[in-house]
Structures are given as structure tokens and as C-alpha cells.
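Using full-length UniProt numbering, the first residue of the sequence shown is number 1, and each one after it goes up by one.
The block underneath contains the structure these notes are about, expressed in C-alpha cells.
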Amino acid sequence: MPTDHHRADGGPEQSGRPEERLERAVRAAEQALIEFEIAVETFRVEVENFSRLHHQKLGPMYSRLDELDALIAEARAARSGDPEDLRQAREARERVMPMPGVDELFHGWMDSDGLSAEADAMLTGRPVQPPKRVRPSEEVRKLYRELARAAHPDLAREEAERQRREEFITRVNAAYARGDEGLLRELAAEWAAGPAPAAPELTAAEELYARLEWLARRKEMLTGAARELEESAIGAMLRMAPDDPDRLLEEIAEQLLAQVAEREAELAGLAD
1 MPTDHHRADG GPEQSGRPEE RLERAVRAAE QALIEFEIAV ETFRVEVENF SRLHHQKLGP
61 MYSRLDELDA LIAEARAARS GDPEDLRQAR EARERVMPMP GVDELFHGWM DSDGLSAEAD
121 AMLTGRPVQP PKRVRPSEEV RKLYRELARA AHPDLAREEA ERQRREEFIT RVNAAYARGD
181 EGLLRELAAE WAAGPAPAAP ELTAAEELYA RLEWLARRKE MLTGAARELE ESAIGAMLRM
241 APDDPDRLLE EIAEQLLAQV AEREAELAGL AD
């Protein structure tokens, strides 16, 4: 009776022709890379959302601290008349963000429907709703994986096909960033109905080796993108409390309020 062969570590021995083993390795590498890409994209979305929340909730406090620092420096300079105090007062005032012009004020606040919800709330005095927190469902992740695998621009062999894929993947990434399952399904149907890819001119083995080379380049690029996100100021803050970033914002707000109170007390003392 035949028996199964086992590796030294006790697992079943991988059998098959070299091309089959290479294909299994490529498929495993593809799956690992796609999961990594999804993780990087999800973290990017989280960083962008947290950045908006940070600016929305804490921006006025930072501005108030800068203004108080300038007022304190100016009060000290007025008291002493010392050239060094006068220089520090000028520098502190220069650090206070000036009121933006109209174009700057509305840059990024307009969309195809006119004023965004944030801009409208800001102008009417209504509370600004925090941006939706994106936590893709497993089905959304699955759809994104399938589309990323099928339509990635680096699979193209001609420039026109690469451009078509780049434009399509941009739409896929935007839908994934919003966690929009319905739109991802529509995009999957659109891709399935699109033009069939040209027949490969390479042998099966050459195709697999080329795919492995692309996977290595793609992973290197994604690793760099992930490092940039993690090392950014907002990314570092988000990593401090990945499960409860809202609480982190509250803690920072409490610290800033305490600093504002200290500066106001100091300014009041200089006015006496």
C-alpha cells in the first residue's frame, strides 16, 4: 500500500512539476501582498480621517495657543522695551496663522454639489459632523482583493492597457476608502464586461517569474508607503491608540485646554 511522503518537519511533502510548485509560490505571494496592500490602504484611510478630526477638533486650540504666545511676548516687550524681547515678540506674532483669503478658505471645501457638508456647517454655525470611520467589512475586503488582483496596472503589457487599469484602480481605491460594497460590486461587473486581456507572449514559466519580480517590487513600494504613514505625525499619534483614537483626541484636547488656561493666567498677570 502506498504511503504519503512527509517533510522533516512532519508536514506533507509538496509534489508536482517545478512549474506547479512555482505557480503555488506565486499564488501564495500574491495573496500575502494583497493582504498587505489592503492593510496599508486601510491605515492610510484611518490616517486621513484622523488628520481631519485632529484639525477639526484641535485646530482652534492650537491657534489660540499661538495667539496667546504672541500676546504674552508683546506684553513682555512693551514692559521691558528690550530689543531681544521685541525681536521675540515679532517672531511670535509671525507664527500666528493669518486669516486665509477667500480662495484659501474654500480650497478643498467645494465639491460637485457645491459646498461640502463641513463647509456648510462651518458657515451656518451647525456642529460639524466627524468624518465617517472606515472599517471595511470582510466582503468589502474580498471584493477589493479580487479587483486588485485582476486589474492592477502592472499586469498590463501595453501603455494603453496600463492607463485603462490605472484609471480603473483609482476608482476601486476610492470605493474601498469609503467602504462602498455596492460600488465595488458595480466595478467588478464593469471589469468582467470589459475587453479581454491580450494573450501572453511569454511561456507559463516566464510569466510566473515575471510575476514574482513584480510582486517583489510592489512589496518594496508598499513597505516604503507604510513606513511614511507610520512615521508621519498623525500616523504616530494614531498608532498610540489604534483601538480608541477618539479618546486620544480627548486627552490631547484636555492638555491643550490646560495650556490655554496657563497662558491666559500668565497674560492676565502681565496686564496687572
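Built from N, CA and C at the ideal position, the CB exists for glycine as well.
Everything numeric in this text was worked out from a predicted model, so none of it was measured.
Rounded to whole angstroms, how far is the Cβ of residue i from the Cβ of residue j, which I believe are closer than 8 Å?
i: Arg-239; j: Glu-228; result: Their Cβ separation, rounded to whole angstroms, is 13 Å, which puts Arg-239 and Glu-228 out of contact at 8 Å.
i: Arg-247; j: Ala-241; result: 6 Å
i: Val-40; j: Ala-226; result: 5 Å
i: Leu-256; j: Leu-65; result: 7 Å
i: Ala-205; j: Glu-19; result: 6 Å
So, are the CB atoms of residue i and residue j less than 7 Å apart?
i: Val-96; j: Glu-74; result: no
i: Asp-85; j: Arg-76; result: yes
i: Pro-139; j: Glu-181; result: The residue you asked about is not Pro; residue 139 is Glu in the sequence shown. Cβ distance < 7 Å, so Glu-139 and Glu-181 count as in contact.
i: Arg-211; j: Val-26; result: yes
i: Ala-151; j: Trp-191; result: yes
i: Glu-166; j: Pro-153; result: yes
i: Ile-234; j: Ser-63; result: no
i: residue 276; j: Leu-222; result: This structure cannot speak to residue 276, because the chain is shown only from 1 to 272.
i: residue 295; j: Ile-72; result: The structure shown has nothing for residue 295, since the chain only spans 1 to 272.
i: Leu-184; j: Leu-249; result: no
i: Ala-175; j: Val-45; result: no
Check residue i in the structure and name its three-state DSSP category.
i: Pro-195; result: coil
i: Ser-51; result: helix
i: Ser-137; result: coil
i: Ala-236; result: helix
i: Asp-246; result: helix
i: Ala-241; result: coil
i: Ala-156; result: coil
i: residue 280; result: Nothing can be reported for residue 280: it is not among the residues displayed for the chain, which extend from 1 to 272.
i: Thr-170; result: helix
i: Arg-17; result: coil
i: Asp-180; result: coil
i: Val-26; result: helix
i: Asp-82; result: coil
i: Thr-223; result: helix
i: Thr-203; result: coil
i: Val-40; result: helix
i: Val-45; result: helix
i: Val-260; result: helix
i: Gly-108; result: Residue confidence is low: Gly-108 scores 44 on pLDDT, short of 50, so the model does not pin down where it sits. Its coordinate-derived value is still stated next. Coil at Gly-108, not helix or strand.
i: Leu-270; result: helix
task: Assess, as a yes-or-no matter, whether the segment 17-36 is touched by the segment 213-226 under the definition of 3 or more beta carbon pairs within less than 8 Å.
output: Contact holds: three or more Cβ-Cβ distances are below 8 Å.
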